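K.L.:
Structure in structure tokens, see below.
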Amino acid sequence: MRKGFTLIEMVLVIAIMSMIAGFSVISLRFHKSVKNKVDLDYYCNATVGFINNSKMYCRENSCSAKITFDIGKNEMNLENDRNTVKTLAFTKGITLYKVQGRRINGKIEIDKDGFSNDACTIILKDDNSIEQEITMRVGTSYVKINK
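Each number in the numbering used here corresponds to the 1-based position in the sequence shown with 209 added.
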């Protein structure tokens with residue numbers, strides 16, 4: 210019997226190992242893209258929930274409050290008389306990219322009845338530079354994720 214490997218055996222083993230490594234790299238890329246999409250969808254829904262819960266907080270407590278957008282810290286805050294009531298901080302992969310609209314002092318004010326004083330579009334961006342828009346209409350409870 211021989212005690213070594215032939216060249217054909219070595220080539221077959223290397224080919225099988227390279228196919229396994231290739232499939233692993235492809236599946237890791239797919240996993241990362243799916244994870245980014247799920248994170249973006251989660252934070253879009255969390256933003257809509259944050260706005261709706263802020264309106265509900267103002268109705269329940271009969272007070273007015275302001276939603277502030279801090280793009281530098283990557284978070285949204287609900288402030289009532291200079292006290293932060295709630296905070297929504299975005300993760301490292303999702304950024305609060307832009308808030309478009311004619312806001313007064315960069316804040317959206319919510320009155321004691323839960324109605325906002327201004328309309329805006331909130332744009333979130335993930336690691337793959339995919340943007341998602343959230344639209345908020347003035348004077349109504351309309352907050353929608355635009356696909």
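Ideal Cβ placement from N, Cα and C applies to all residues, glycine included.
Since this is a predicted model, take the numbers as computed values, not measurements.
What did DSSP end up calling residue 359 once you bin it into helix, strand or coil?
P.N.:
Not covered by the structure: residue 359. The range shown for the chain is 210 to 356.
K.L.:
Start and end of the alpha helix (DSSP H) containing residue 258?
P.N.:
Residues 216-270.
K.L.:
Report yes or no: do three or more beta-carbon pairs, one from the segment 319-335 and one from the segment 225-243, lie closer than 8 Å?
P.N.:
Output reads no: the segment 225-243 does not touch the segment 319-335.
K.L.:
Along the chain, where does the beta strand (DSSP E) containing residue 319 start, and where does it finish?
P.N.:
Counting along the chain, the beta strand (DSSP E) containing residue 319 begins and ends at 316-319.
K.L.:
Please confirm whether residue 273 and residue 321 have their CB atoms less than 8 Å apart.
P.N.:
Taking 8 Å as the Cβ cut-off, residue 273 and residue 321 qualify as a contacting pair.
K.L.:
Please name the residue in 298, 230 and 218 whose C-alpha comes closest to that of residue 259.
P.N.:
Ranking the options by Cα distance to residue 259, first place goes to 298.
K.L.:
Let me know if residue 285 comes out buried or exposed under the rule of 16 or more other beta-carbons within 10 Å of its beta-carbon.
P.N.:
Residue 285 should be labelled buried.
K.L.:
Helix or strand or just coil, what does DSSP make of residue 282?
P.N.:
Residue 282 falls in the coil class under three-state DSSP.
K.L.:
Starting from the C-beta of residue 248, find all residues in its chain whose C-beta is less than 6 Å away, skip the five residues before and the five after it, and write them out in chain order.
P.N.:
Cβ within range, chain order: 302 and 303.
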